[in-house]
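Engineer: Mind looking over this structure? Questions follow.
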C-alpha cells in the first residue's frame with residue numbers, strides 16, 4: 001500500500017529561484033517533446049513517436065544544454081516524459097471510446113507546477129540531514145531545503161515530488177506501508193444523503209451543517225478582487241509590486257477557502273468511518289449535475305431561443321460546487337466498507353464487484369408529506385430486519401427531509417457477495 005504525505009517546504013531565496021528554474025526547464029522539456037510528437041505525426045510519413053524514443057534522446061539533450069537541462073536529475077526528466085506519454089495514452093483511449101478527446105496542450109511556465117522523482121535517492125533524498133533536528137529534503141541542483149514535518153512518515157519512502165501552489169512549495173512523499181488494521185467493529189449501519197441546505201443527513205436523523213466557507217469569505221474576496229481589477233491586464237513579468245501583491249492576496253483567499261472545505265470533508269468522513277461499519281450513499285455525478293442546461297430554440301422564430309432556466313441553474317451550480325461532495329464521499333471508504341448506490345468504492349480492507357442499484361428510489365417522499373416510503377422494514381426478509389435503523393421522524397418545515405438516506409439502506413444491503421467473507425452483505429453484516 002502506498003500512502004502520500006504532504007509537507008510544506010521553507011526554501012531560501014536562492015533555493016526558491018532554483019526550484020522555479022527546475023520547473024521552467026522541465027516545462028520546456030515537456031513542450032519540446034509534445035512539439036516533436038505533433039510535427040512527426042503531421043509529416044507525410046505519419047510517424048508516431050513513443051516514450052522510449054524520446055527518453056533515448058535525453059542524454060544528447062543534456063550534453064547539448066548542460067547549463068539548463070544538464071543540471072537536473074535524469075530520472076525526473078524521464079518522469080516528465082512519462083507524464084506526457086500517459087496524457088497521449090489517455091487521449092487515444094478517449095478517441096476510441098467516443099468521448100471528448102482532449103488533445104494534450106502546451107504548458108506555460110506558470111501552469112507547470114509539479115516535478116516527480118521516481119525513486120528516493122536518485123536526484124533527491126528525503127531526510128538528507130538525519131543528524132539535524134530540522135528535517136530537510138535534498139534536490140539535485142537545489143540543495144537541502146527545510147521542511148515543516150508536522151507528522152512522522154511511516155514506511156519506506158519510494159517517490160518524492162515537488163509541487164508549487166502560488167508562492168508556497170510542498171514536498172509530496174509516497175511511502176510504502178503494510179495494510180492498515182481495520183477499525184474496531186461498531187455494528188452500526190447508516191445511509192447518508194448529501195445536500196446543500198445541510199452538508200449531509202444520515203438515516204438516523206442527524207444533520208451536519210453546511211459551513212459555507214465561501215460565503216463567509218465572500219466580502220473579503222470581493223474587496224480583494226476589486227483592488228486587483230484596478231490594475232491593467234499585463235504579462236506576469238510586466239506587473240508592478242503592488243499588482244503582484246494584489247494578485248497574491250486574491251490567491252491566498254481562494255487557497256484558504258479550499259483548505260477549509262477539504263478540512264471539513266476530512267473531519268466529517270473520519271467521524272463517519274469511526275462510528276459506522278457500513279455506509280451507503282448515492283452515486284452522484286457532480287459533473288453532470290452542474291452542466292449548463294441545453295438551449296431551447298423557438299420553433300416559431302428562427303434564430304431565437306426560449307427561456308431555459310440558465311440563470312437559476314447557474315445559481316444552483318454555484319451552491320453545489322463549493323460543498324465538495326466528492327471529497328467527503330470518497331474519504332468514507334478509507335477504513336470502512338462503503339457502498340455507493342450504483343457503484344461500490346474500493347477500500348484497503350475490501351474490494352470487489354460493483355453494486356448496481358439505481359438511486360432513483362432514494363428520493364421518495366416521507367410519510368408526513370406524501371406517499372409512504374418505497375422501502376419499509378417490514379418488507380425486508382428474515383433476521384436482517386433489525387439491522388436497518390428505524391425510520392426518521394416526520395419532517396418539519398425547518399428541517400430537511402431525512403427519508404432519502406433511510407431509503408438507501410435497503411438497496412445497499414441487498415448488494416452481492418462480499419469477498420472478505422464469501423457471503424452476501426446480509427450475512428456479512430450478521431458476522432460483524
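Residue numbers (the working numbering): 1 to 432.
Where a beta carbon is used, it is the ideal one built from N, C-alpha and C, also for glycine.
None of the values given here were measured: they were computed from a predicted structure.
(1) Is it true that the segment 65 to 85 meets the segment 118 to 135, where meeting means three or more beta-carbon pairs spaced less than 8 Å apart?
(2) Should residue 383 be labelled buried (16 or more other beta-carbon atoms within 10 Å of its own) or exposed?
(3) Please confirm if the segment 297 to 309 is in contact with the segment 246 to 262, defined as three or more CB-CB distances below 8 Å between the two stretches.
(4) Going by DSSP in three states, residue 174 sits in which element: helix, strand or coil?
(5) Using a Cβ-Cβ cutoff of less than 6 Å, which residues in the same chain neighbour residue 96 once the five nearest sequence positions on both sides are dropped?
(6) Jot down the residue ranges of each uninterrupted alpha helix (DSSP H) in the segment 250 to 320, minimum 4 residues, whole runs only, in chain order.
(7) Mind the definition here: the segment 20 to 37 touches the segment 108 to 116 only if three or more C-beta pairs lie below 8 Å; say whether that holds.
(8) Beta-carbon separation of residue 434 and residue 1 under 8 Å?
(9) What is the rounded straight-line gap between the Cα of residue 310 and the Cα of residue 110?
(10) Of the choices 49, 18, 316 and 276, whose alpha-carbon is the least far from that of residue 88?
(11) Classify residue 240: buried if its beta carbon has 16 or more other beta carbons within 10 angstroms, exposed otherwise.
(12) Return the CA-CA distance between residue 100 and residue 86, expressed in angstroms with no decimal places.
(13) Could you check where the beta strand (DSSP E) with residue 105 kicks off and where it finishes?
(14) Just the C-alpha distance for residue 143 and residue 174, rounded to the nearest angstrom, thanks.
(15) Quick one, are the C-beta atoms of residue 141 and residue 18 less than 8 Å apart?
(16) Measure from the alpha carbon of residue 14 to the alpha carbon of each residue in 316, 146 and 84, then state which is nearest.
(17) Which class does residue 9 belong to by DSSP, given the choice of helix, strand or coil?
(18) Compute the distance between the beta-carbons of residue 280 and residue 191, then report whether it is under 8 Å.
(19) Drop a sphere of 10 angstroms on the beta-carbon of residue 41, count the other beta-carbons inside from all chains shown, and report buried for 16 or more, exposed for fewer.
(20) Restricting to Cα atoms, I'd like to know which of 10, 60, 134 and 223 is closest to residue 152.
(21) Roughly how many whole angstroms lie between the Cα atoms of residue 16 and residue 45?
Structural biologist: The short version:
(1) yes
(2) With a pLDDT of 32 at residue 383, under the threshold of 50, the predicted position of this residue should be treated as unreliable, and no value is reported.
(3) no
(4) strand
(5) none
(6) 286 to 289 and 310 to 320
(7) yes
(8) As displayed, the chain neither begins before 1 nor continues past 432, which places residue 434 out of reach and without an answer.
(9) 33 Å
(10) 49
(11) exposed
(12) 17 Å
(13) Segment: none, residue 105 is in no beta strand (DSSP E) and carries neither H nor E.
(14) 21 Å
(15) yes
(16) 146
(17) strand
(18) yes
(19) exposed
(20) 134
(21) 44 Å
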